[in-house]
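Asks: Here the protein sequences come in this chain order: A and B.
This note's numbering puts the first residue of the first sequence at 24, with every later residue one more than the last.
This note's numbering puts the first residue of the second sequence at 22, with every later residue one more than the last.
Questions regarding the structure given below will be posed in turn.
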Amino acid sequence: MPHLNNIFRAALRMVGESARAEDVVQEVYLKAWQSFHRFQPGTNCQAWLFKILFHCVNHHRRSWLRFPLLPESGVTEANLAYVAPIPERLTDDDILDALDRLPADFRAIVLIVDVEEFSYKEASQILSIPLGTVMSRLSRGRKLLRDQLGEVARRYGIRKAGGLS
Amino acid sequence: MNPTLPNKNRLKDAVNSVPVPEGFEDRLRIQIQAHRVPSGAHSQRRWVLRLVPVLVAAGVLAALSVAYQFGHFRLTRASRDAYIASVSSHLGEIMRIGLRDHIHCAVFRKYPKNPPTAEEILNPRFEKGVKPISTQYAGLIPIVRSLVPETFRMTLAHQCTYQGREYIHLSLRDESDTLSLVVTRKINGESFHAEDILPALTESGIPMYQAGVQRFQISAFETADYLVYFISDLGKRQNMDLMLALAPRVKGLLAKLEIS
Chain A
24 MPHLNNIFRA ALRMVGESAR AEDVVQEVYL KAWQSFHRFQ PGTNCQAWLF KILFHCVNHH
84 RRSWLRFPLL PESGVTEANL AYVAPIPERL TDDDILDALD RLPADFRAIV LIVDVEEFSY
144 KEASQILSIP LGTVMSRLSR GRKLLRDQLG EVARRYGIRK AGGLS
Chain B
22 MNPTLPNKNR LKDAVNSVPV PEGFEDRLRI QIQAHRVPSG AHSQRRWVLR LVPVLVAAGV
82 LAALSVAYQF GHFRLTRASR DAYIASVSSH LGEIMRIGLR DHIHCAVFRK YPKNPPTAEE
142 ILNPRFEKGV KPISTQYAGL IPIVRSLVPE TFRMTLAHQC TYQGREYIHL SLRDESDTLS
202 LVVTRKINGE SFHAEDILPA LTESGIPMYQ AGVQRFQISA FETADYLVYF ISDLGKRQNM
262 DLMLALAPRV KGLLAKLEIS
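This is how it looks when you write it as structure tokens:
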């Protein structure tokens, strides 16, 4: 099953629960199976699967309370004014918790570009958004994540700064 | 967490630290097998998609075929005659006489954009190879013009021959319908009465006969020497109403010719 682990982990980050992520992943591979004749050999299979994944996620997100649609503006602007320091001694759970707190659109772009390391162009195709939106959303997503991590650090009393490159 | 890793890698490691549930891949395979599209379904779907243009073409051909059966796209003389024979075969012999000429002249005829004037219609040189209506029958023109609704414009008034029989033929058209008054001399004692056809009604002492086939409605009556038909694409009732209006004056004009 190609790229299953990456797809599952991204689904989990997007939907929040393992059981729900399994459902989404099942839907992704079913859709991929049924529409495999549309896949063009030689193109990026992982990007194709991620495109299906985010299509499935977007299809379900409105019906999931865990996954409300957040307006892009407002959520971010207030937070962007303060660039929080990022400590190095954070656990995986702290980082995942901070990532999960991001609004879905920002979480998606951070996952695609920073975790899965797709190019901006591929991210644009996966999420069906313009390249400019990819870049602005990624910038905001990173800053929000840094802010969230800074919150965690303050709770721990950690002051040493770091940050996502 | 390894504090020496760059921060982007820390994020990546954190995300990848979550294990995929044990046996998930096996469960997924089973679930996909359960939902699996039957073998060949994709190619079947592709075949169905390829069939769409074939089905559309078949539909168009069927429509053209039906249209052909109803007299459209008859480009050759032979195919037109075949259509006339085919349609006429549904009628009694005496009703066929008028319908044949109507279809031959008024249906298959190509009409000019602007209908001819009365003078043009009566001009022998107006239409090559066509004999204009003779003066003895010219009185039919004002009768028809005065009784047929003004929306119909006269497109022809001539004397013609079809399959060896002579006709006096006046035809009118509006945007959608064509109608004809067809008059022909009786040959060998032809008569509605003699063919035991019952009149649909009798108006002003004139027995009126009626028949219909495909889109054509035929109303007819006879005089001592003539068979008179009114044929149109109008409804049965409307066709008969127009014939009822025309019949007394047409009969009067033909009666004068019979006496002389």
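All C-beta atoms in this analysis are idealised placements derived from N, C-alpha and C, irrespective of residue type, glycine included.
Please read all numbers here as calculations on a predicted model, not as lab measurements.
Thinking C-alpha only, which one of S38/B, V234/B, N37/B and R258/B is nearest Q12/B?
Replies: With chain B covering 22 to 281 only, the question about residue 12/B has no answer from this structure.
Asks: Taking only beta-carbon positions, decide if R31/B is within less than 8 angstroms of chain A.
Replies: Here residue 31/B is taken as the residue at index 10 of the second sequence, counted from 1. So yes, R31/B belongs to the interface.
Asks: Would you please verify whether the beta carbon of R36/A is less than 8 angstroms from any beta carbon of chain B?
Replies: Position 13 of the first sequence, counted from the first residue, corresponds to residue 36/A. Closer than 8 angstroms: yes.
Asks: Pick helix, strand or coil for E139/A, following the three-state DSSP scheme.
Replies: Looking up residue 139/A in the first sequence gives position 116. If DSSP states are grouped into helix, strand and coil, E139/A belongs with coil.
Asks: Could you tell me which residues DSSP pairs with R67/B in its beta bridges?
Replies: On the second sequence, residue 67/B is found 46 positions in, with the first residue counted as 1. DSSP, once it has assigned bridges, lists no residue as partnering R67/B.
Asks: In whole angstroms, what is the alpha-carbon distance linking R48/B and A127/A?
Replies: As a position in the second sequence, residue 48/B is number 27, starting the count at 1. As a position in the first sequence, residue 127/A is number 104, starting the count at 1. The straight-line gap from Cα to Cα measures roughly 28 angstroms.
Asks: Going by the DSSP bridge assignment, what does E243/B pair with across the sheet?
Replies: Within the second sequence, the letter at position 222 stands for residue 243/B. Answer is L248/B, bridged to E243/B.
Asks: Taking its Cβ as the centre, do 16 or more other Cβ atoms sit within 10 Å of T176/B, making it buried, or is it exposed?
Replies: Against the second sequence, residue 176/B aligns to sequence position 155. Label assigned to T176/B: buried.
Asks: Determine whether the Cβ of I118/A lies closer than 8 angstroms to any Cβ atom of chain B.
Replies: Counted from its first residue, the first sequence places residue 118/A at position 95. Chain B, which has a Cβ nearer than 8 angstroms to the Cβ of I118/A, makes this yes.
Asks: Taking a cut of 9 angstroms between CB atoms, which residues from the region 42 to 53 of chain B lie near chain A?
Replies: For the region 42 to 53 of chain B, which is checked against every Cβ of chain A, the residues closer than 9 angstroms are P42, F45, E46, R48, L49, R50, Q52 and I53.
Asks: Roughly how many whole angstroms lie between the Cα atoms of R121/B and R61/A?
Replies: Residue numbering aside, residue 121/B sits at position 100 when the second sequence is read from its first letter. Residue numbering aside, residue 61/A sits at position 38 when the first sequence is read from its first letter. Roughly 60 angstroms separates the two Cα atoms.
Asks: Hey, does H56/B have any beta-carbon neighbour from chain A nearer than 8 angstroms?
Replies: To locate residue 56/B, count along the second sequence from 1; it is residue 35. Yes, H56/B counts as interfacial toward chain A.
Asks: Mind pulling the chain B residues with CB within less than 7 angstroms of R32/A?
Replies: Position 9 of the first sequence, counted from the first residue, corresponds to residue 32/A. The answer, in chain order, is V36, N37 and V39.
Asks: Could you check whether H123/B and V203/B sit closer than 8 angstroms to each other, using their CB atoms as the reference points?
Replies: Your numbering for residue 203/B matches position 182 in the second sequence. Your numbering for residue 123/B matches position 102 in the second sequence. Going by C-beta atoms, V203/B is nearer than 8 angstroms to H123/B.
Asks: Runs of 3 residues minimum, wholly inside the region 176 to 249 of chain B: which ones carry the beta strand (DSSP E) assignment?
Replies: Complete beta strand (DSSP E) runs here, min 3: 186 to 194, 199 to 206, 222 to 224, 227 to 234 and 237 to 243.
Asks: Just confirm the distance between the C-beta atoms of I227/B and A268/B, as a whole number of angstroms; I'd bet it's less than 8 angstroms.
Replies: In the second sequence, counting from the first residue as 1, residue 227/B sits at position 206. In the second sequence, counting from the first residue as 1, residue 268/B sits at position 247. Right, the Cβ-Cβ distance comes to about 5 angstroms (below 8 angstroms), so this counts as a contact.
Asks: So with Cβ pairs under 8 angstroms, would you call L76/A a contact of chain B?
Replies: Numbered from 1 along the first sequence, position 53 holds the residue referred to as residue 76/A. It does not; no Cβ of chain B falls within 8 angstroms.
Asks: May I have the straight-line CA-CA distance separating E95/A from R169/A, to the nearest angstrom?
Replies: Counting from 1 along the first sequence, the entry for residue 95/A is found at position 72. Counting from 1 along the first sequence, the entry for residue 169/A is found at position 146. Model confidence at E95/A stands at a pLDDT of 44, short of 50, so the residue's coordinates are unreliable; what they give is reported in the following sentence. Answer to the nearest angstrom: the Cα atoms are 17 angstroms apart.
Asks: Determine the extent of the alpha helix (DSSP H) in which A99/B is found, giving its start and end residues.
Replies: Here the question's residue 99/B lines up with position 78 in the second sequence. From DSSP, the alpha helix (DSSP H) with A99/B extends over R98 to S109.
Asks: With a threshold of 8 angstroms, are at least 3 pairs of Cβ atoms found where one atom belongs to the region 36 to 55 of chain A and the other to the region 144 to 151 of chain A?
Replies: No, the region 36 to 55 of chain A is not in contact with the region 144 to 151 of chain A.
Asks: Can you list, in chain order, the stretches of the alpha helix (DSSP H) that have 4 or more residues and sit fully within the region 38 to 83 of chain A?
Replies: Complete alpha helix (DSSP H) runs here, min 4: 41 to 57.
Asks: Near V157/A, which residues of its chain fall below 6 angstroms by C-beta distance, leaving aside the five closest residues on each side in sequence?
Replies: By one-based count along the first sequence, residue 157/A stands at place 134. Same-chain partners within the cutoff: Y143, A146 and S147.
Asks: List the residues that DSSP assigns as beta-bridge partners of K144/A.
Replies: To locate residue 144/A, count along the first sequence from 1; it is residue 121. Beta-bridge pairing links K144/A to no other residue.
Asks: Can you name, in chain order, every residue of its own chain whose Cβ lies under 6 angstroms from the Cβ of R95/B, other than the five neighbours on each side?
Replies: Start at 1 with the first residue of the second sequence, and residue 95/B comes out as number 74. Same-chain partners within the cutoff: R101 and Y104.
Asks: Using the three-state DSSP reduction, which class does P25/A fall into: helix, strand or coil?
Replies: The sequence position of residue 25/A within the first sequence is 2, counting from 1. Reduced to three states, the DSSP call for P25/A is coil.
Asks: Taking the alpha-carbon positions, what's the R177/A to Q171/A distance?
Replies: Counting from 1 along the first sequence, the entry for residue 177/A is found at position 154. Counting from 1 along the first sequence, the entry for residue 171/A is found at position 148. If you take the alpha carbons of R177/A and Q171/A, they lie about 10 angstroms apart.
Asks: Grouping DSSP H, G and I as helix and E and B as strand, with all else coil, what is R130/B?
Replies: In the second sequence, the residue the question calls residue 130/B occupies position 109. R130/B falls in the coil class under three-state DSSP.
Asks: Under three-state DSSP, which class holds S1/B?
Replies: Missing from the structure shown is residue 1/B; chain B here goes from 22 to 281 and no further.
Asks: The alpha helix (DSSP H) spanning Y179/A covers which residue range?
Replies: Taking the first sequence and counting its residues from 1, one reaches residue 179/A at position 156. From DSSP, the alpha helix (DSSP H) with Y179/A extends over L154 to Y179.
Asks: Candidates G65/A, Q49/A and D137/A: which alpha carbon is nearest N37/B's?
Replies: As a first step, residue 37/B must be located in the second sequence, where it is residue number 16. Checking every option, the nearest Cα to that of N37/B belongs to D137/A.
Asks: Quick check: the Cα distance between Q238/B and Q259/B, rounded to an integer number of angstroms?
Replies: Mapped onto the second sequence, residue 238/B falls at position 217. Mapped onto the second sequence, residue 259/B falls at position 238. If I take the Cα positions, the gap works out to 9 angstroms.
Asks: Can you tell me where the alpha helix (DSSP H) with F114/B in it begins and where it stops?
Replies: For the purposes of this step, residue 114/B is taken as the residue at position 93 of the second sequence. Note on identity: in this sequence residue 114/B is Glu, with Phe being the wrong assignment. E114 to D122 is the span of the alpha helix (DSSP H), which, as asked, contains E114/B.
Asks: For L92/A, is the classification buried or exposed, using 16 other Cβ atoms within 10 angstroms of its Cβ as the cut-off for buried?
Replies: Residue numbering aside, residue 92/A sits at position 69 when the first sequence is read from its first letter. Residue confidence is low: L92/A scores 46 on pLDDT, short of 50, so the model does not pin down where it sits. Its coordinate-derived value is still stated next. Burial call: exposed.
Asks: Between which two residues does the alpha helix (DSSP H) harbouring V39/B extend?
Replies: Taking the first residue of the second sequence as 1, we reach residue 39/B at position 18. Neither: V39/B is in no alpha helix (DSSP H) and is coded neither H nor E.
Asks: Name the residue from F77/A, L161/A and D116/A whose alpha carbon lies nearest to the alpha carbon of A33/A.
Replies: Sequence index remark: in the first sequence, residue 33/A carries index 10 (1-based). Nearest C-alpha to A33/A: F77/A.
Asks: So, is the C-beta of P91/A closer than 8 angstroms to a C-beta in chain B?
Replies: Position 68 of the first sequence, counting from 1, holds the residue named residue 91/A. Confidence at P91/A is low in this model, with a pLDDT of 49, below 50, so its placement is unreliable and the value that follows should be read with caution. Chain B, which has no Cβ nearer than 8 angstroms to the Cβ of P91/A, makes this no.
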